[in-house]
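Numbering (this note's numbering), first residue to last: 1 to 240.
Given below as structure tokens:
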């Protein structure tokens, strides 16, 4: 079974800036939610007995390649980078879609949101485009050859959900504990190939926001009693 993990490269919260050719540039790191999604996939490969391959995917420019090399050092088998900067969840989904369709993984894992945007939309959008079942904010995951048993938390209670594979899951921070790559694995990852892909066509532009304004034509009036209110609702507003 193949798992695909969509990874987001972000600037660290405590900005780490270095000088390159006289210019200051940020060092990108793996988003915390992506770290958890990758850790969950690697744990499934180690413990489930049915996962044979973990593929890491990111939509980003060349500056994000160290993030993919970290994923390889942690245990991902292959890595692919779509060479484009996605500014919106719509663009990220559009760029990832051809790769996911070609790889045909049984399970796609990604963070439920990212530290630089908090949109929490990409997972649902990708699942919709693929016509796959989707679970958001997964805190527990058990995998069988044909199904994924997940636990996710709503505002009021925990919810158990069973999804038929292939499926898309977005990871909550409680799903797994991110690991650390040892120096030998980091050195080995430097020599591993990363597949580069161009986006399929131009990415959709972000939707423009339109403002709507409602004019108040009549000022609210106070009625004498409840009976008068009911009468007006029946005869004037005609909602009763």
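Backbone N, C-alpha and C define an ideal beta-carbon position, used for all residues, glycine too.
Asked	Found
Delimiting residues of the alpha helix (DSSP H) encompassing residue 129	122-130
Those residues which DSSP pairs with residue 134 across a bridge	168
Where residue 177 sits in the DSSP three-state scheme	coil
Cα-Cα separation between residue 76 and residue 55, rounded to whole angstroms	6 Å
The stretch 126-135 in contact with the stretch 155-169 per 3-pair CB rule at 8 Å	yes
Burial state of residue 8, where buried means 16 or more other Cβ atoms lie within 10 Å	buried
Beta-carbon proximity check, residue 102 vs residue 1, cutoff 8 Å	no
As assigned by DSSP and simplified to three states, the class of residue 229	helix
Status (buried if at least 16 other CB within 10 Å, exposed otherwise) for residue 228	exposed
Cross-strand partners of residue 163 (DSSP beta bridge)	148
Nearest neighbour of residue 81, chosen from 88, 87, 96 [CA to CA]	96
Contact the stretch 170-179 vs the stretch 36-54: 3+ CB pairs below 8 Å	yes
Closest by C-alpha distance to residue 92, when choosing among 197, 59, 192, 73	59
Per DSSP, the bridge partner or partners of residue 88	DSSP lists no partner for residue 88.
Secondary structure of residue 1, DSSP reduced to three states	coil
Helix, strand or coil at residue 58 according to DSSP, with G and I counted as helix	strand
Proximity of residue 61 and residue 192 at Cβ, strictly below 8 Å	no
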